[in-house]
Ligand code: NDP
């Protein structure tokens, strides 16, 4: 079978490509710049790549850009989307590539009669941010949606970009009769295959970089290997449908610092939170993700894999 992975050089997508090749798929990998070895070398080195990996140049904002990569594929995994927080131009840097890019990719899928299912990488960002208080007794699940007005009000531009993109994807898929399944991961950590740093691994790196304080945030975390597997399961299991939250554990940065202290006792770690009162934790349902056969990796192991990989890649 032939599948397309958009944004193939990214953190999550690289693992997805690796697992797809391992499972015998022919993979069409879209990248923005196929001539940049930092974006392609690690993909071309994967087992099976020589025989079954094909690179395609495509950009989210260019209409028709994905046609060639997608036409003839049985399935499409749309992972490409900008993931960073600091921006002076949220519309151009985050919202347009996420929203227009998703519609652009889905347009190519609608044109290609070969495509049986599309799996979209959305985020818990599209699920949990709606102003409802997140406290220990609250269980966030796939019925939740982030609130667009609330995101604008608090200037959560990345969250807004993912929410708008997923919402538009569901509407477009319904209109065109596309079989869409969505994966909604929390902050993704674990070993890096790509040589460069990505935003979610950076959140862990920042704690190891000698800062005095850690952020006041309770966030869901999940291993990149579970997320990549969930994408494949969502494609392969005929009855998979709707959204799938992927959270192995909700943890406060204080918990992560404690784990890091146990794992790397001689390392200098931040000593206190930026605020006095720690943000409460909450729960995210694993029920749907488990129905895909996902066995979540223990959180401590995911933290260790992240740090060991950052060290190995000389990223700190
Ligand atoms: P990376 O930054 O590693 O990957 C992002 C990918 O998107 C890159 O391949 C990048 O291409 C591509 N991309 C960005 N802008 C454009 C554009 N204008 N045109 C074409 N490609 C573009 O991030 P992740 O692997 O972490 O993220 C992958 C997906 O997962 C995203 O959709 C993200 O929102 C989602 N996600 C990530 C989470 C996380 O914690 N990591 C959590 C939940 C969801 P290039 O390499 O050329 O820059």
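In full-length UniProt numbering, the protein residues as written are 6 to 321. No residue lacks a Cβ here, since even glycine has one placed at the ideal position from N, Cα and C. Bear in mind the structure is a predicted one, so any value in this text is a computation, not a measurement.
Residue i CB to nearest heavy atom of the ligand NDP below 7 Å
i: residue 72; result: no
i: residue 37; result: yes
i: residue 17; result: yes
i: residue 117; result: no
i: residue 168; result: no
i: residue 44; result: yes
i: residue 193; result: yes
i: residue 69; result: no
i: residue 12; result: yes
i: residue 196; result: no
i: residue 85; result: yes
i: residue 222; result: no
i: residue 203; result: yes
i: residue 88; result: yes
i: residue 113; result: no
i: residue 2; result: This structure cannot speak to residue 2, because the chain is shown only from 6 to 321.
i: residue 314; result: no
C-beta contact flag for residue i and residue j at 8 Å
i: residue 167; j: residue 128; result: yes
i: residue 257; j: residue 265; result: no
i: residue 103; j: residue 208; result: no
i: residue 145; j: residue 290; result: yes
i: residue 185; j: residue 261; result: no
i: residue 194; j: residue 107; result: no
i: residue 141; j: residue 230; result: no
i: residue 42; j: residue 60; result: no
i: residue 114; j: residue 183; result: yes
i: residue 111; j: residue 187; result: no
i: residue 32; j: residue 57; result: yes
i: residue 13; j: residue 49; result: no
i: residue 221; j: residue 139; result: no
i: residue 224; j: residue 259; result: no
i: residue 293; j: residue 147; result: yes
i: residue 302; j: residue 253; result: yes
i: residue 24; j: residue 159; result: no
Cβ distance (whole Å) where residue i is taken to contact residue j below 8 Å
i: residue 131; j: residue 203; result: Not confirmed; about 19 Å, so no contact.
i: residue 279; j: residue 218; result: 5 Å
i: residue 1; j: residue 234; result: Residue coverage of the chain in this structure runs from 6 to 321, which leaves residue 1 outside it and unanswerable.
i: residue 84; j: residue 162; result: Not a contact, Cβ separation roughly 19 Å.
i: residue 315; j: residue 210; result: 6 Å
i: residue 82; j: residue 21; result: 6 Å
i: residue 226; j: residue 321; result: About 19 Å; that fails the 8 Å criterion.
i: residue 66; j: residue 34; result: With 8 Å as the limit, residue 66 and residue 34 do not qualify as a contact, their Cβ atoms being about 19 Å apart.
Minimum C-alpha distance to residue i - residue among the options
i: residue 178; options: 116, 225 and 218; result: 116
i: residue 172; options: 152, 161 and 162; result: 152
i: residue 11; options: 281, 240 and 71; result: 71
i: residue 80; options: 242, 133, 303 and 279; result: 242
i: residue 27; options: 45, 53 and 34; result: 53
i: residue 164; options: 201, 18, 87 and 51; result: 87
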